[in-house]
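Everything on this sheet refers to the single structure shown next.
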Amino acid sequence: MNPIVSRPPAVDAPAPAASYDDLVARVLGGEFGPDPRTQRIAVAFSTRQAVRHEGRGGGYRNEVLSLRLAAAVGSCAVEPGELPDTAVEDCVGADLARLLEHELRPVRVAALDAYLMQARPHTPANGARPWSLPAGSSLRKSRARARAVTGLVDAAPGARVLVIGVVNSLLEALRERDLSYVPCDLKGGTTEWGEPVHTDALAELERCDAVLASGMTLGNGSFEPLREHALRHGKPLVMFAQTGSAVLPRFLGSGVSAVCAEPYPFFWLDGGPGLVHRYRATAPGAAR
1 MNPIVSRPPA VDAPAPAASY DDLVARVLGG EFGPDPRTQR IAVAFSTRQA VRHEGRGGGY
61 RNEVLSLRLA AAVGSCAVEP GELPDTAVED CVGADLARLL EHELRPVRVA ALDAYLMQAR
121 PHTPANGARP WSLPAGSSLR KSRARARAVT GLVDAAPGAR VLVIGVVNSL LEALRERDLS
181 YVPCDLKGGT TEWGEPVHTD ALAELERCDA VLASGMTLGN GSFEPLREHA LRHGKPLVMF
241 AQTGSAVLPR FLGSGVSAVC AEPYPFFWLD GGPGLVHRYR ATAPGAAR
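The sequence shown begins at 1 in the UniProt record's numbering and counts up one residue at a time.
See the structure below:
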């Protein structure tokens, strides 16, 4: 699937965030738009999904917290059953500044995502390159998204990619490129091809040439060590992001080399045509 032709990005984009905490501080300081204290969440909801694609041996479950700020929706995936029932009610009517300091990390991430989705939406002017997904079955759309994601991995055949957040379609697409991989996921288990899934991603970093990681790393607190490792070693770090799709592009040039951003509604919610947004870092502070 070819990308949609789009305009060049704006030249006045904010500098890359130095860390997650730096980004939050800059948002609270009004660098990206309106004072978060004046912005309130109108709608909060959770989405739960279970899937087993036709022809696949196993399935998986997803649970996502989403917060709506005007026309923007910010999201953070959680482990199924992890989110307290009170979290959704606690967010409704709350201002963004309070939610950015909420005791639950998924609430903080979803709130930041909602704010940045409104302030820096996925448009060509903000550096995004839209990439169309075809209508069809969940498996067809999953494979199309996988090609969009893995196409951002800058690695030669034979390179080893650390994949954090196992999605079999992503592994399949890497195999098609003759890239080896080390699958990691907190759930453990095995891949569709019977390969063991490691549970400690940070322990595998040194033996991999590139990293392909889910935005869920924002929600579980493992993103910063990944970003710091990639920045320190000059290693490609590609993020595929339903969680924090508007957050992760802010780290381009600061450890993150590319992002495939997929805001709500996600490909698995609808059988019609879809869209993801691809970002690449060209130099610190710049994207193409």
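Yeah, the Cβ is synthetic: ideal placement off N, Cα and C, and Gly gets one too.
| Asked | Found |
| --- | --- |
| Please confirm if the segment 229 to 249 is in contact with the segment 79 to 96, defined as three or more CB-CB distances below 8 Å between the two stretches. | no |
| Output the distance between the C-alpha atoms of V11 and G253, rounded to the nearest integer angstrom. | For V11, the pLDDT reaches just 43, beneath the cut-off of 50, and the residue's location in the model is therefore unreliable, leaving the point undetermined. |
| Taking the alpha-carbon positions, what's the R177 to P157 distance? | 6 Å |
| Can you grab the Cα-Cα spacing for the pair F202 / S138, in whole Å? | Before going further, note that residue 202 is Leu rather than Phe in the sequence given. Taking the straight line joining both Cα atoms gives about 31 Å. |
| Spatial neighbours of T47 within its chain, please: C-beta separation below 6 Å, excluding the five flanking residues on both sides. | V64 |
| DSSP three-state label for D95, please. | strand |
| If you reduce the DSSP assignment to three classes, tell me which class Y279 lands in. | strand |
| Could you say if the segment 142 to 162 and the segment 206 to 215 meet the contact criterion of at least three C-beta pairs nearer than 8 Å? | yes |
| Within 10 angstroms of its Cβ, does H122 collect 16 or more other Cβ (buried), or is it exposed? | buried |
| Here's the rule: buried if 16 or more other CB atoms are within 10 angstroms of the residue's CB, otherwise exposed. What is R37? | exposed |
| Along the chain, where does the beta strand (DSSP E) that runs through Y181 open and close? | S180 to C184 |
| Who does P130 pair with in a DSSP beta bridge? | H277 |
| Under the assumption that M216 contacts G165 (Cβ atoms under 8 Å), give the Cβ distance between them as a whole number of angstroms. | 6 Å |
| By Cβ distance, which residues of its chain are closer than 6 Å to H277, with the 5 residues on each side in sequence left out? | H122, A128, P130 and A261 |
| Going by beta carbon distance, what residues of the same chain come within less than 6 Å of A13, once the five residues before and after it are set aside? | none |
| Using 8 Å for Cβ pairs, my map puts A77 next to G219. What's the rounded Cβ distance? | 6 Å |
| Whole angstroms is fine: what's the gap from R225's alpha carbon to R280's? | The sequence shown places Pro at residue 225, rather than the Arg named in the question. In a straight line, the C-alpha of P225 is about 20 Å away from that of R280. |
| Can residue 304 and V51 be called in contact, C-beta distance under 8 Å? | In the structure displayed, the chain extends from 1 to 288; residue 304 sits before or after that span and is not available. |
| Would you mind working out which of L100, S169, S214 and P196 sits nearest D113, comparing C-alpha positions? | L100 |
| In the structure shown, what three-state DSSP assignment does G219 receive? | helix |
| Any heavy atom of the ligand SAH closer than 7 Å to the Cβ of V259? | In the structure shown, the ligand SAH is absent, as is every other ligand, since no ligand is present at all. |
| Is DSSP giving Q49 helix, strand or coil here? | strand |
| Rounded to the nearest angstrom, what separates P96 and R108 at their Cα positions? | Correcting the residue type first, residue 96 is Leu in the shown sequence and not Pro. If you take the alpha carbons of L96 and R108, they lie about 9 Å apart. |
| For L104, which three-state DSSP category applies? | coil |
| Can you tell which of Y181, S180 and E172 has its C-alpha closest to the C-alpha of E192? | E172 |
| For E31, which residues in the same chain have their Cβ closer than 8 Å to its Cβ, ignoring the five residues on either side in sequence? | P14 |
| Are A125 and L133 closer than 8 Å when you measure CB to CB? | no |
| Just how far apart, CA to CA, sit R227 and P236? | 10 Å |
| Just the Cα atoms here: how many angstroms apart are N62 and G271? | 17 Å |
| By a C-beta neighbour count over all protein chains shown, 10 Å radius and 16 as the cutoff for buried, is D185 buried or exposed? | buried |
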